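Peer 1: Sequence lines, in order, name chains D and C. Reading the first sequence from the start, the letters are residues 1 to 708 in our numbering. Reading the second sequence from the start, the letters are residues 1001 to 1255 in our numbering. No residue lacks a Cβ here, since even glycine has one placed at the ideal position from N, Cα and C. The structure displayed is predicted, hence computed values, not measured ones. Sharing a structure below in structure tokens format, with a few things to ask.
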Amino acid sequence: MRGKIRHRALALATGTALALGLASGAGASGDFGCAPSWRLGLSDYECAGVPFLSARNDTRTNLSWLMMEAGGGIPKEAGYPANSWEMAPLGHVFLTWEAMRSGFWPSTQAEEETWPLPAYSGTLCQTLASGGEAFAAALADTPSVSGAERGALVGARTNLKAACDGAKQEPSWPASVTSPAGREYLAYLKGARAFYAEDFAAARTTFATLEDSGRGWVAETARYMQARTALAAAQVPAIDEWGWYDNTKTDAALAAQGQVALESYLRTYPEGRYAASARGLTRRAFWLRGQRPELSRAYGALLERESAADPAAADLIEEIDTKLFFEAAGNGDIDSALSLATWDLLRLRASEPVMSERRTARLDAAELAAQAPHFAGHPKLYTYLQAAQAFHVQRDYAAVLKLLPDDARQTQYTPLAFSAQMLRGLALEALGDSNAVGFWEQLAKGADPRFQRPAIELALAHHWERSGDLAKVFAANSPVQVPEIRAILLEHVADGATLRAQAKGGTSTLEREVATMTLLYKDLTRGHFADFGRDRALVPQSAGREGWIGGWLRDAARQVPLGSFTKGRWQQDFACPALADTAQRLARDGSDPGALLCLADFYRLNNFDSYMAGERWRGREELGGTPSRFAGELTDRAAIYAQVLAGSRASAQERAYALYRSVMCYAPSGNNSCSATDVPESQRKAWFQRLKREYPKSRWATKLKFYW
Amino acid sequence: MGDEAQVLLVSRRALLGAGVAAFALAACGTRRDSPVRARAYEAFFLWAGVAPPPWLEEASLVYLLAGEVRAVRASGYVPLRAVPRTSAPRVWMCVRVERLDWEEGHYAAVLGQLARWAAAGNAVEGLQIDFDAATHGLAGYAQFLEGLRARLPVRFKLGITGLMDWSAGGAADGLSSLADCVDEIVVQTYQGRATIPGYERYLASLERLGLPYRVGLVEGGAWRAPPGLEAGAGFRGYVVFLVGGAQAAEGAPQA
Chain D
1 MRGKIRHRAL
11 ALATGTALAL
21 GLASGAGASG
31 DFGCAPSWRL
41 GLSDYECAGV
51 PFLSARNDTR
61 TNLSWLMMEA
71 GGGIPKEAGY
81 PANSWEMAPL
91 GHVFLTWEAM
101 RSGFWPSTQA
111 EEETWPLPAY
121 SGTLCQTLAS
131 GGEAFAAALA
141 DTPSVSGAER
151 GALVGARTNL
161 KAACDGAKQE
171 PSWPASVTSP
181 AGREYLAYLK
191 GARAFYAEDF
201 AAARTTFATL
211 EDSGRGWVAE
221 TARYMQARTA
231 LAAAQVPAID
241 EWGWYDNTKT
251 DAALAAQGQV
261 ALESYLRTYP
271 EGRYAASARG
281 LTRRAFWLRG
291 QRPELSRAYG
301 ALLERESAAD
311 PAAADLIEEI
321 DTKLFFEAAG
331 NGDIDSALSL
341 ATWDLLRLRA
351 SEPVMSERRT
361 ARLDAAELAA
371 QAPHFAGHPK
381 LYTYLQAAQA
391 FHVQRDYAAV
401 LKLLPDDARQ
411 TQYTPLAFSA
421 QMLRGLALEA
431 LGDSNAVGFW
441 EQLAKGADPR
451 FQRPAIELAL
461 AHHWERSGDL
471 AKVFAANSPV
481 QVPEIRAILL
491 EHVADGATLR
501 AQAKGGTSTL
511 EREVATMTLL
521 YKDLTRGHFA
531 DFGRDRALVP
541 QSAGREGWIG
551 GWLRDAARQV
561 PLGSFTKGRW
571 QQDFACPALA
581 DTAQRLARDG
591 SDPGALLCLA
601 DFYRLNNFDS
611 YMAGERWRGR
621 EELGGTPSRF
631 AGELTDRAAI
641 YAQVLAGSRA
651 SAQERAYALY
661 RSVMCYAPSG
671 NNSCSATDVP
681 ESQRKAWFQR
691 LKREYPKSRW
701 ATKLKFYW
Chain C
1001 MGDEAQVLLV
1011 SRRALLGAGV
1021 AAFALAACGT
1031 RRDSPVRARA
1041 YEAFFLWAGV
1051 APPPWLEEAS
1061 LVYLLAGEVR
1071 AVRASGYVPL
1081 RAVPRTSAPR
1091 VWMCVRVERL
1101 DWEEGHYAAV
1111 LGQLARWAAA
1121 GNAVEGLQID
1131 FDAATHGLAG
1141 YAQFLEGLRA
1151 RLPVRFKLGI
1161 TGLMDWSAGG
1171 AADGLSSLAD
1181 CVDEIVVQTY
1191 QGRATIPGYE
1201 RYLASLERLG
1211 LPYRVGLVEG
1221 GAWRAPPGLE
1231 AGAGFRGYVV
1241 FLVGGAQAAE
1251 GAPQA
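Right, dumping it as structure tokens:
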């Protein structure tokens, strides 16, 4: 479960189908995309989850791992989802629920792409079309209804569609239907129209008179529809005038009647046409009555019984999420092991999604101890929860190690076994245990290469970055092979020699391009101009300018704008030579004012500004969050202009341009585009006045009308 | 960041290019502006996940998120709210849209829902489309809106939400193509505590086009009206995006 928003929407219950879970969770993965924190031991919720049971994960992700645990592990057919704009930032290491859904249950995806779209989806009327077909088929099977009557009855179904479209007045019905059987079908139609028109009292009365009909289809359908009608009626008081749904305001008596009607239907027709639907509606009745323990047990049984490989598993998981976890009622009313485990993991979170309306107290050890009986049949899961509680809440890492012994020599791991070993490894890391690396390396051997292994590679890379062993990540036999992990380290922390080596010897296109891009960018911005002259040869002839510097992990095409250095714009309205010449001039004389101004123009014209300003913003705990090993300090545009203005070598023209550009750094909004730090407005005014006063005839003074 | 109200209010361009977050922070001014108190306003936007406050019946105009057409999992129109039955305020039925390649089934579902809202006795003003045109481009959007307008019964207006990003990169021209087929636009003029750079130009374009607009504010967010804003000929007032009890009291999370 993520943000409250779409989940609340899911609780919306105008429809009867439990498949209302069509819309999925909200949260940071909405329009923002979902960019992970590149670390593993996080206790806060994140839209980007990890391939093991965790407080960080979406409840649906944890439910999925638990369902796979119960049903034979990760399905063979599952694959990491195809790359797309949404998946790109996950880097094959993390999983959003959306990613998981499309990677594990691709067939449900395909199903949804079939057209035409179901009409009235998510409302009572979504069964209008299927009901019409069933009605016609049943009629065709009833010889005692004449062809003329049959035609009139099928035609009369338009009254049902009108009801779905909002018509409230009683329609006219065919008077020509007079046979006893025909009249029962007609009565059924009247009941169905009342149902779709939300006249539930009339519908129930009508269906009740038909449950003993001699027409089998009519009798069975009428009995089922009594239940559906009662449940729909039970929801009426829960919907307010704004269409807002509050499940605590349902009519419990009507919901109970619905429950009785479902039992009666299933008793009479255990293998009936609507048996599967009726079982789903039984869960709905629990939900409407607020019977969370019963609901939790029903879901618990399904989670253990249904196959995680079944495409319907994803729907079940979404249903559990919305119906059981969304309503943050009191703790203690979820008592089936798998549902409770998922709820407990949520309660281990240090923080919830922004705007979440649920603030559940964190799970303490005593409460978890009291839950022990519920986990009697799941000792390993219970132990894992105890360890996770120690890890996320108590931060007692020694306790984690005691609870979860080393078992990293298996040839494969179920989701739970893997979760336990991952948590053990993270506890070793937290304790600074010298065996952590050996542990990860061992664990990597049996990990599932699709989902589990990338997380271990992240753990190793994270460790080596901090232990001063970055070279091990890029060694020939390195276990760290995920291109995104290697690219992050190259971009943020690698030194010049490593970048130079990986520009040629990198194991993927992304790695080679990021190494080259970063090397050339840092050569320039750290003042290694002679190196730039040599390193520029690393840019292939074919290099393009598409993509954003630093934006490759957000880009499904992983484009690296390497061509900026060879084909980028180097001048606009201030005359400059090509970038290579500028760099050469600076290699000879690092404070050549004209060349410095040209370098600044190169940054400006090739969209380097925002990247330069944001370079230092990486989280310290994230992969790539340690200080850069690249020699030298960043010189941004603001610093270049300051340097030109402070020295005595610049010509009048150059000085005027430096003043003009200094002011323009703040155009048009007052935000500085040349540096991460601002100067006061008085300084900008001083630049402006100096330009006007000292260089009044320069084109830059003429051009500049305001300061910001 | 990461809440749904801000989805509407925060620049989606933050996705592009690294370091933008740094600028968003840099853009946060130090001025002390007063938080938006919802009850001081008359028009509101109610997202699907926000409980309607008890006083909402007293509003004069309410934009209700009704449902969405999502891109990620090719789905149809998904309702996110039961059909309302309001008496007093005029209402807009808002649909959040992530894709523009609609099948006839999408149109039928959305327009059918609009008809049901009207049939239920609501004073339906029109249909509002919330689409992230900043990412996908204005040109295709104009074409989409034309098609929608052609199918929309004349008794309903057509409105859109607009992000200030549209003013970037000369997209103000693109606005003129929208102006022909929409009746109003609800625009975002600020992000976090700061007004969005360039909003004056943007509103000036709207004025030039004669397109009526409302300015979106977030409940609990900081806001100080820029000079001259409320005097614009096309200015029709504010729309306050309700964020629900706790956040409203604490102040909305800032970008």
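1) How far does the alpha helix (DSSP H) with Tyr-299 (chain D) in it extend, from its first residue to its last?
2) Residue range of the beta strand (DSSP E) that Gln-1188 (chain C) falls in?
3) Between the alpha carbons of Tyr-611 (chain D) and Arg-618 (chain D), how many angstroms are there, rounded?
4) Is any non-hydrogen atom of the ligand GDP found closer than 7 angstroms to the C-beta of Arg-289 (chain D), if you look at the structure I gave you?
5) Going by Cα to Cα distance, which pick from D:Arg-60, D:Ala-201, D:Glu-441, D:Leu-704 is closest to Asn-477 (chain D)?
6) Helix, strand or coil for Tyr-1213 (chain C)? Go by DSSP, reduced to three states.
7) Label Phe-532 (chain D) either buried or exposed according to how many other C-beta atoms from any shown protein chain fall within 10 Å of its C-beta, with 16 as the threshold for buried.
8) With a threshold of 8 angstroms between beta carbons, is Pro-1153 (chain C) in contact with chain D?
9) So if DSSP puts Met-1093 (chain C) in a beta bridge, which residue, or which two residues, is it bridged to?
10) Let me know the alpha helix (DSSP H) ranges lying completely inside the segment 241-288 of chain D, each 4 residues or longer, listed in chain order.
11) Counting contacts by CB-CB distance shorter than 8 angstroms, is Tyr-695 (chain D) in contact with chain C?
12) Which residues in the same chain have their Cβ closer than 7 angstroms to the Cβ of Gln-421 (chain D), if we skip the five residues on either side of it in sequence?
13) Taking a contact to mean a Cβ-Cβ separation below 8 angstroms, would you say Ile-317 (chain D) touches Ser-64 (chain D) in this structure?
14) Do you know how far the Cα of Glu-1207 (chain C) is from the Cα of Thr-16 (chain D)?
15) Give me the Cβ distance between Ala-712 (chain D) and Leu-562 (chain D), rounded to the nearest whole Å; I'm assuming they're in contact under 8 angstroms.
16) Here's a check: name, in chain order, each residue in its chain whose Cβ is nearer than 6 angstroms to the Cβ of Ala-613 (chain D), leaving out the five neighbours to either side.
17) Starting from Phe-1241 (chain C), follow its DSSP beta bridges and name the residues at the other end.
18) Just to confirm my understanding: we take Gly-425 (chain D), look at its own chain, exclude 5 residues before and 5 after, and list those with CB closer than 7 angstroms. What are they?
19) Looking at the strands, I want to know which residues DSSP matches up with Val-663 (chain D).
20) Near Glu-211 (chain D), what residues of its chain come up, given a Cβ to Cβ distance below 8 angstroms and the 5 sequence neighbours on each side ignored?
21) Helix or strand or just coil, what does DSSP make of Phe-1235 (chain C)?
22) Does the Cβ-Cβ distance between Leu-524 (chain D) and Leu-634 (chain D) come in under 8 angstroms?
23) Please return the same chain residues whose Cβ sits closer than 7 angstroms to the Cβ of Glu-654 (chain D), not counting the five positions on each side in sequence.
24) When you compare each of D:Tyr-660, D:Arg-558, D:Tyr-521 to Phe-574 (chain D) by their alpha carbons, which one comes out closest?
25) Give a yes or no on whether the C-beta atoms belonging to Val-1083 (chain C) and Val-1095 (chain C) are separated by under 8 angstroms.
26) Rounded to the nearest angstrom, what separates Thr-88 (chain D) and Cys-47 (chain D) at their Cα positions?
27) Check whether the Cβ of Glu-319 (chain D) lies closer than 8 angstroms to any Cβ atom in chain C.
28) Using a cut-off of 8 angstroms between C-beta atoms, extract the partners of Thr-1086 (chain C) located in chain D.
29) Given that a residue counts as buried once 16 or more other Cβ atoms are within 10 Å of its Cβ, and exposed if not, what is Thr-1161 (chain C)?
30) Under the rule that 16 or more other beta-carbon atoms within 10 Å means buried, what is Glu-1230 (chain C), buried or exposed?
31) With 8 angstroms set as the bound, which would you pick, yes or no: does the beta-carbon of Gly-1112 (chain C) sit closer than that to a beta-carbon of chain D?
32) What residues are listed by DSSP as bridge partners for Leu-460 (chain D)?
33) Distance, Cα to Cα, Ala-136 (chain D) vs Arg-297 (chain D)?
34) Near Gln-394 (chain D), which residues of its chain fall below 8 angstroms by C-beta distance, leaving aside the five closest residues on each side in sequence?
35) Taking CB distances under 8 angstroms as the criterion, tell me whether Gly-563 (chain D) reaches chain C.
36) Counting contacts by CB-CB distance shorter than 8 angstroms, is Ala-1222 (chain C) in contact with chain D?
Peer 2: If we stick to the structure as given:
1) 292-305
2) 1184-1188
3) 12 angstroms
4) Among the ligands in the structure shown, none appear at all, so the ligand GDP cannot be discussed.
5) D:Glu-441
6) strand
7) buried
8) no
9) C:Leu-1064, C:Leu-1127
10) 252-268, 275-288
11) no
12) Asp-407, Ala-408, Tyr-413, Leu-443
13) yes
14) For Thr-16 (chain D), the pLDDT reaches just 25, beneath the cut-off of 50, and the residue's location in the model is therefore unreliable, although a value from the coordinates is still provided. Cα-Cα distance, rounded: 47 angstroms.
15) Lying outside 1 to 708, the shown extent of chain D, residue 712 (chain D) is not represented and no answer is given.
16) Ala-676
17) C:Phe-1045, C:Val-1218
18) Ala-436, Phe-439, Trp-440, Leu-443, Ala-459
19) Val-663 (chain D) pairs with nothing; no bridge assigned.
20) Ala-219, Ala-222, Arg-223, Gln-226
21) strand
22) no
23) Pro-593, Gly-594, Leu-597, Val-644
24) D:Tyr-660
25) no
26) According to the sequence provided, residue 88 (chain D) is Ala. The question's Thr does not apply to it. So the alpha carbons of these two residues sit roughly 14 angstroms apart.
27) no
28) Glu-241, Trp-242
29) buried
30) exposed
31) yes
32) Paired residues: none, contrary to the question.
33) 38 angstroms
34) Ala-365
35) no
36) no
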